[in-house]
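One structure below.
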Amino acid sequence: MLDEQQRDKTVELAPWWVVTGRALRFVLGALSLVGGLTWILLNLHVSTAALDAGVGAVLAAGGLVLLMPHRIRLPRLVTALVMSGFALAGTAAGLLVESSRECCMFAYVSERGWPFHWVSRGAVADDPETAFRLAQSSGWSADVVSLATNLLVWSYVGLVLVVIAVLVRRARPVRAEEAESPVM
């Protein structure tokens, strides 16, 4: 009987943009999950292990959320706004972190961005003072791949915070109902 009922119903296919969006979400989620876990494993023994573990955990958590939309329903508009806001604000705030170094036969490099440096300037000269002076007068150059990675990491931070907020909000009514029900 069920087969006969199913044969009578027409199957409506989702529009192409919905199918494409789901496929992109799956691919991005899978790459983020595998990339985040790989990032953690490869960077366990470096001087920035805590930072790398945090970045890897954010990527893995964001990948899990993208892979399992059926497990937690997120408000689309709020999620998009929070992710976009965190991506822009986190990347912009990362510009406040600057590191400079003198290297080799007098190269001076200054970089900005956190957790990944994406803006830099530098110079090479015959002595360290000249390298510093030339570097300070040179223009900043942007690394687009590191910028995109920063935007992704910070947007995932926003995504994870939305998930936490939704889970906390869902847990509150259950606790309120349990408190109101009389215990026998």
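In this text, residue positions in the sequence shown follow the numbering used here: the first is 8, and each later residue adds one.
Don't be surprised by glycine CBs; every beta carbon is placed ideally from N, CA and C.
Secondary structure at Gly129, three-state DSSP: helix, strand or coil?
On the sequence shown, residue 129 is found 122 positions in, with the first residue counted as 1. Of the three classes helix, strand and coil, the one that applies to Gly129 here is strand, per DSSP.
Give the single residue among Leu102, Val131, Gly28 and Pro122 whose Cα lies nearest to the Cα of Val116.
As a position in the sequence shown, residue 116 is number 109, starting the count at 1. When each option's Cα is compared against that of Val116, the closest is Val131.
In the DSSP assignment, find the unbroken beta strand (DSSP E) run with Val116 in it and report its ends.
Here residue 116 is taken as the residue at index 109 of the sequence shown, counted from 1. Start and end: Ala114 to Arg119.
How about the stretch 152-163 and the stretch 93-104: do they share at least three Cβ pairs that are nearer than 8 angstroms?
In short, these stretches touch, since the Cβ pair count reaches three.
Enumerate in chain order the residues of its own chain whose CB-to-CB distance from Arg32 is below 6 angstroms, with the five nearest sequence positions on each side excluded.
Your numbering for residue 32 matches position 25 in the sequence shown. Once the five neighbours on either side are set aside, the close Cβ partners of Arg32 are Leu73.
Taking just the CA atoms, how far does Ala30 sit from Ala21?
Stepping through the sequence shown from its first residue, residue 21 is reached at position 14. Stepping through the sequence shown from its first residue, residue 30 is reached at position 23. Cα to Cα, Ala21 sits roughly 12 angstroms from Ala30.
To which residues does DSSP link Ala178 through a beta bridge?
Mapped onto the sequence shown, residue 178 falls at position 171. DSSP output for Ala178 lists no bridge partner at all.
Give me the DSSP bridge partner(s) of Glu105.
As a position in the sequence shown, residue 105 is number 98, starting the count at 1. Answer is Arg119.
Do the stretch 146-153 and the stretch 119-130 touch if we need at least three Cβ pairs shorter than 8 angstroms?
They touch, by the three-pair rule.
Classify Trp24 as buried or exposed, calling it buried when 16 or more other Cβ atoms lie within 10 Å of its own Cβ.
As a working note, residue 24 is residue 17 in the sequence shown. Looking at its Cβ environment, which holds fewer than 16 other Cβ atoms inside 10 Å, Trp24 is exposed.
Let's test the definition: count the other Cβ atoms within 10 Å of the Cβ of Val54 and tell me whether it reaches 16, buried, or not, exposed.
Start at 1 with the first residue of the sequence shown, and residue 54 comes out as number 47. Per the sequence shown, residue 54 should be read as Ser rather than Val. Exposed is the call here.
Are the CB atoms of Ile79 and Gly63 nearer to each other than 7 angstroms?
Against the sequence shown, residue 79 aligns to sequence position 72. Against the sequence shown, residue 63 aligns to sequence position 56. No; because the gap between Cβ atoms is not below 7 angstroms, this pair is not in contact.
Rounded to the nearest angstrom, how far is the Cβ of Thr28 from that of Gly70, given a contact under 8 angstroms?
As a working mapping, residue 28 is identified with position 21 in the sequence shown. As a working mapping, residue 70 is identified with position 63 in the sequence shown. It should be noted that the sequence gives Gly, not Thr, for residue 28. The Cβ separation is near 16 angstroms, so there is no contact.
How long is the line joining the alpha carbons of Phe113 and Glu105, rounded to whole angstroms?
To locate residue 113, count along the sequence shown from 1; it is residue 106. To locate residue 105, count along the sequence shown from 1; it is residue 98. C-alpha separation (whole angstroms): 19 angstroms.
For Ser54, which three-state DSSP category applies?
Taking the first residue of the sequence shown as position 1, residue 54 is located at position 47. Three-state DSSP puts Ser54 in coil, outside helix and strand.
Which partner residues does Cys110 have in the DSSP bridge list?
Counted from its first residue, the sequence shown places residue 110 at position 103. Paired residue(s): Ala114.
Answer with buried or exposed for Met90, where buried requires no fewer than 16 other C-beta atoms within 10 angstroms of its C-beta.
Working through the sequence shown from its first residue, we reach residue 90 at position 83. Burial call: buried.
Which residues in the same chain have their Cβ closer than 6 angstroms to the Cβ of Glu109, if we skip the five residues on either side of it in sequence?
For the purposes of this step, residue 109 is taken as the residue at position 102 of the sequence shown. Same-chain partners within the cutoff: Tyr115 and Pro135.
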